[in-house]
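To convert, count from 1 in the sequence shown and add 698; that's the numbering used here. We treat Cβ as the ideally placed atom computed from N, Cα and C, and that holds for glycine. Structure record follows, encoded as structure tokens.
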Amino acid sequence: MSDIEISVVIPVKNQERYLDRVLKKVFSQNINSKIEVIIIDSGSQDSTLEIARKYPVKIIEIPTEEFGHGRTRNHGAQIANGATVVFLNADAIPRDENWLNCLVYNFKGSEKIAGVYSRIYPQADCNPLHSWEILNDTAYSHNKREVKYIENFDNYRYMKPRDKRRLLAFQTISCAIRKDILLKYPFKNMEFGEDLEWSKRIMEKGFKIVYDPESVVLHSHNFYFSFIKTFKKYFDDAKLNKQLLNIWPWYNFPILIGHIIFKVSKDIRYVLSLNKKTSYKISWLFYSPFIRLAELFGIILGANSQYLSPRVHLVFSLVSEIKKN
């Protein structure tokens, strides 16, 4: 097993819809390095494990209550044989056969590079509001490769929170991390945002993070179909950003209003540009202001969640809802 260079770790639970397509792409990669694939299942009740067993993978089963985004990935790194650990969500489909090579080649020539993350494209069934969000995300979906690090710690200390958020952006939907660094600086056991917290901590220790747009996965969620789920998603996001980076305090309320108006106007332009039926366009044009309003409420309450009771946190959090189910 010592000749394995790359370990691909895929946490799963009830992922029969996507897992077969994901594994087909993983095992069709153009790469010379020997790889292993580790599936960590946390209590699937569907055909997920049956699908996984069709492929030459190592399956690790853990109780549902032991799952944690950070904890489970740390466990994957601990049992991995490769010097490079690749994390891939079970619903993130590599776009082509170069996805893996475009991730791991970034480590060559610099021991300071701790992690690399992929570009994200929406899946074919993604609704237009979420598609627009993904395609216009300046941290996760632009065309230029970036090597990100803190050049000057004095400047970093006084950097605007939103600029700092973009600098520290990282995601474990599809990423590669040096195993030795991850074992030394593991993910924290957080309900949400362990990737951003890890990136912040690792860059503050002098390491670099690379964004490579040539490594692409298809990944999206259709929570924009629901006012409540949209609210909960942005509640969690704003809560995390406030805790880690002090983003979205109350005095930014006028900026938030302008931001939402801007998004609605962009929604209108994007939806009208689609090659879809008129009825489809009208329905999403009608829906856009309500969804963006849910986003606004979620941001305001999430950024001020320290004033809310633990019970309200549970009701407002999408992460808590998913964990409960």
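| query | Counting Cβ pairs, one atom from each stretch, are 3 or more of them under 8 angstroms apart for the stretch 1010 to 1018 and the stretch 925 to 941? | reply | yes
| query | If S742 sits next to E703, beta carbons under 8 angstroms apart, how far is it from one beta carbon to the other, in whole angstroms? | reply | At roughly 29 angstroms, the Cβ-Cβ gap does not stay under 8 angstroms, so S742 and E703 are not in contact.
| message | Considering only DSSP beta bridges, list what I737 is partnered with. | response | I708 and I757
| task | Use the C-beta contact count for N834: other C-beta atoms within 10 angstroms, 16 or more gives buried, fewer gives exposed. | result | exposed
| field | Contained beta strand (DSSP E) runs [length at least 3] in the stretch 839 to 893, N- to C-terminal order | value | 844 to 846 and 872 to 876
| field | Residue ranges of each beta strand (DSSP E) within the stretch 787 to 848, 3 or longer | value | 811 to 819 and 844 to 846
| said: Quick check: what's the CA-CA separation for L881 versus C873? | reply: 16 angstroms
| said: I'd like the list of long-range same chain contacts for L747, defined as Cβ closer than 7 angstroms, with 5 residues on each side in sequence excluded. | reply: D739 and I757
| If you draw a straight line from the C-alpha of I907 to the C-alpha of S977, how long is it? | 44 angstroms
| task | Closer than 6 angstroms by C-beta to M699: which residues in its own chain qualify, once you throw out the five before and the five after it? Chain order, please. | result | Unreliable positioning characterises M699 in this predicted model, as indicated by a pLDDT of 47, which lies under 50. The coordinate reading is nonetheless provided below. Cβ within range, chain order: N779.
| query | Hey, R832 and V720 are a contact pair by Cβ (cut 8 angstroms); roughly how many whole angstroms apart? | reply | Reading the sequence as shown, one finds Ile at residue 832 and not Arg. Contact doesn't hold; Cβ gap of about 18 angstroms is too wide.
| What residues in its chain sit with their C-beta under 6 angstroms from that of V962, if we drop five residues either side in the sequence? | S986, P987 and R990
| task | Kindly give me the distance between the Cβ atoms of H828 and S918, rounded to whole angstroms, as I take these residues to be in contact under 8 angstroms. | result | 6 angstroms
| Over what stretch of residues does the alpha helix (DSSP H) that includes K723 continue unbroken? | L717 to V724
| With 16 as the cutoff for other CB atoms within 10 Å, does P826 come out buried or exposed? | buried
| request: Run the CB neighbour count on S816, radius 10 Å, all protein chains shown included, and call it buried at 16 or more, exposed below. | output: buried
| Among all the DSSP beta bridges, which residues are the ones paired with F765? | F765 pairs with nothing; no bridge assigned.
| said: If I measure Cβ to Cβ from D893 and keep anything under 7 angstroms in the same chain, skipping five residues before and after, which residues do I get? | reply: F868, Q869 and T870
| Range covered by the alpha helix (DSSP H) that runs through K931 | F925 to L943
| said: Among the candidates D718, N804, M888 and V783, whose CA atom is the shortest distance from the CA of K752? | reply: D718
| said: For V802, count the other beta carbons within 10 Å of its own beta carbon; 16 or more makes it buried, fewer makes it exposed. Which is it? | reply: buried
| If D878 sits next to N804, beta carbons under 8 angstroms apart, how far is it from one beta carbon to the other, in whole angstroms? | Incorrect: roughly 16 angstroms between the Cβ atoms, too far for contact.
| request: Pick helix, strand or coil for I958, following the three-state DSSP scheme. | output: helix
| So who's on the other strand from T770, going by DSSP bridges? | Bridge partners of T770: none, in fact.
| request: Would you kindly work out how many angstroms separate the C-alpha atoms of G788 and V969, rounded to a whole number? | output: With the sequence shown as reference, residue 788 is identified as Ala, and Gly is not the correct amino acid for it. In a straight line, the C-alpha of A788 is about 29 angstroms away from that of V969.
| request: Just the C-alpha distance for V707 and A781, rounded to the nearest angstrom, thanks. | output: 13 angstroms
| said: Using a 10 Å radius around the Cβ and a threshold of 16 neighbouring Cβ atoms, would you call S913 buried or exposed? | reply: buried
| query | According to the Cβ coordinates, are I777 and V755 closer than 8 angstroms? | reply | no
| query | Does the distance from the C-beta atom of L916 to that of R715 stay below 8 angstroms? | reply | no
| Ordered along the chain, which non-local residues of its own chain (more than five positions away) have a Cβ less than 7 angstroms from that of L994? | L954 and I958
| field | Cβ shell of Y847 (< 8 angstroms), same chain only, five flanking positions each side left out | value | K810, M901, G904, F905, K906 and I907
| In or out: F921 buried (at least 16 other Cβ within 10 Å) or exposed? | buried
| query | How big is the Cα-Cα spacing for K940 and K964? | reply | 26 angstroms
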